[in-house]
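Each residue of the sequence shown is one higher than the last, beginning at 9 in this note's numbering.
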Amino acid sequence: MLRPRVQVTDESGVRVLAARGEFVGGKETDTLREAFAEEAEKGTDRLLIDLADVTYLNSSALGVLISAHTNFSKREGKLGLCNVSDGITNIFVITKLSLVFNVYGNREEGLAALSAG
C-alpha cells in the first residue's frame, strides 16, 4: 500500500493539492482532511485536487472530498479535480458525485478553468 501524502503548491494563482497513495480511512484520510482544513484557514478560494497518483479512495475519503466541496461552495470558492483514474471515475459516476464536482482531464485544463474569471 502506498503511504498517502499530500503536497500543496501554487500554480497560476491556483492552489494545487497533489495527493498520492491509498486513502482508506483513519490516519490516511486524516492527511487529506488536514490539508483541506489548512487551505480553508488560509482562505484559499481556488483549489485543484490532482488525483493522478491516488490509487484508491474509500467512503471516508469521499466524505472528506464532499466536505471540502461544501466548504468551498459556502465561501464561493472554486474547487476542481483532475487526473482522476478510471476506477475512481467509476466510483464518482455510481455515487453521482460526477454531478457535484468539476472534473478536468489534466492539470492544465483544471488550472485554466479555475484561474479564469
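Glycine residues also receive a C-beta, built at the ideal position from the N, C-alpha and C atoms.
Cβ-based neighbour list, D61, same chain, cut-off 6 Å, excluding 5 preceding and 5 following: Here residue 61 is taken as the residue at index 53 of the sequence shown, counted from 1. Counting only Cβ-Cβ distances below 6 Å, and skipping sequence neighbours, we find R28.
Assigned secondary structure, N110 (DSSP; H/G/I helix, E/B strand, else coil): For the purposes of this step, residue 110 is identified with residue 102 of the sequence shown, where counting begins at 1. Looking at N110 - three-state DSSP - the assignment turns out to be strand.
N98 classed as buried or exposed, judged by whether at least 16 other C-beta atoms fall within 10 angstroms: What you label residue 98 is simply residue 90 of the sequence shown in a count that begins at 1. When all chains shown are included, N98 counts as exposed.
Contact set for S123: own chain, Cβ-Cβ below 8 Å, skip 5 residues either direction: As a first step, residue 123 must be located in the sequence shown, where it is residue number 115. Once the five neighbours on either side are set aside, the close Cβ partners of S123 are S20, G21, V22 and R54.
Spatially closest choice to S106 from E116, G88 and E30, by CA coordinates: The residue given as residue 106 occupies position 98 in the sequence shown. Comparing Cα-Cα distances from S106 to each of E116, G88 and E30, the minimum goes to G88.
Residue burial classification, D58 (beta-carbon count within 10 angstroms, cutoff 16): Counted from its first residue, the sequence shown places residue 58 at position 50. Classification of D58: buried, given that the 10 Å Cβ count is 16 or more.
Short Cβ contact (7 Å threshold) for N66 with V14: The sequence position of residue 66 within the sequence shown is 58, counting from 1. The sequence position of residue 14 within the sequence shown is 6, counting from 1. No; because the gap between Cβ atoms is not below 7 Å, this pair is not in contact.
Strand pairing of A120, partner residues [DSSP]: Taking the first residue of the sequence shown as position 1, residue 120 is located at position 112. In DSSP, A120 forms no bridge with anything.
Every unbroken alpha helix (DSSP H) inside the stretch 37–77 [4 residues or more]: none
Residue nearest to G85 in terms of C-alpha spacing, selected from S93, F44, A69 and I102: Taking the sequence shown and counting its residues from 1, the one referred to as residue 85 is at position 77. Minimum Cα distance to G85 is reached at F44.
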